[in-house]
Amino acid sequence: MNIRYTAPKTNSFSKWFNIISFEINGSTAYGVVSLSGGDNFDANRAGGMLIEQIQNSLIESGNDKDNLSLLKKALKEAKQGLLRITENSTDIDVNLIDVYIVITLIDSDVAYFAKFDGGGVYIMRDGEIIDITAHLHDPSGINQIFLGSGLINEGDKILLSTKHFEEGTADAEFKNAEFEQEVNDYVLLMLG
Numbered sequence: 001m002n003i004r005y006t007a008p009k010t011n012s013f014s015k016w017f018n019i020i021s022f023e024i025n026g027s028t029a030y031g032v033v034s035l036s037g038g039d040n041f042d043a044n045r046a047g048g049m050l051i052e053q054i055q056n057s058l059i060e061s062g063n064d065k066d067n068l069s070l071l072k073k074a075l076k077e078a079k080q081g082l083l084r085i086t087e088n089s090t091d092i093d094v095n096l097i098d099v100y101i102v103i104t105l106i107d108s109d110v111a112y113f114a115k116f117d118g119g120g121v122y123i124m125r126d127g128e129i130i131d132i133t134a135h136l137h138d139p140s141g142i143n144q145i146f147l148g149s150g151l152i153n154e155g156d157k158i159l160l161s162t163k164h165f166e167e168g169t170a171d172a173e174f175k176n177a178e179f180e181q182e183v184n185d186y187v188l189l190m191l192g
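Laid out in structure tokens, this is it:
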């Protein structure tokens, strides 16, 4: 599998962004994580903690083959870790904190997707762009962690995007023939 990473263009309110990639029992996880917050919010510390929490959760539970449950657990634990950081601080306005996590776990020819809050998942297949985000569901019904899975084909291009990408890209721009160039300017692109 040929993988290509690119950094996003984010608005001035974003403080931190990272792309993650690691192996879990023969599968590979990829993701994008974006954090924004007020002046007193240490986004670097919080972002590092989020990534560490996601990786640890996935690796510790790696023998469980229910990949959607693994992803859901990892995002829940990351959110709880972020809440622990902010609850002990009186100078952080939690209302200003935005966290966006979109992750996929590739296991053979199946991609498992999970997202926390804003962001999206798209596949470009045979010249068509498919919005996978619309097919993800939140089993809890509280509209926070959305899950889904599907078969992937050789040659598929998977795009994981943060909310900032979606706010900065109009549908007309996103669906034009320059898809690869537009994608390369903003987020993680994976070539299957």
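Sequence positions in the sequence shown follow full-length UniProt numbering and run 1 to 192.
C-beta: ideal position from N, C-alpha, C; glycine also.
Asked: Helix, strand or coil at T133 [DSSP, three-state]; Found: helix
Asked: Those residues which DSSP pairs with N18 across a bridge; Found: V33
Asked: Alpha carbon of N95 to alpha carbon of Q144, nearest angstrom; Found: 16 Å
Asked: Supposed contact pair K15 and F41 - C-beta distance, whole angstroms, cut 8 Å; Found: 7 Å
Asked: Helix, strand or coil at S69 [DSSP, three-state]; Found: helix
Asked: Contact under 8 Å by Cβ, V32 with I19; Found: yes
Asked: Cα-Cα separation, A170 to I101; Found: Here A170 scores only 45 on pLDDT, less than 50, and its place in the model is too uncertain to base an answer on.
Asked: Minimum length 3: unbroken beta strand (DSSP E) runs contained in the segment 101-154; Found: 110-116, 120-125, 128-131, 145-151
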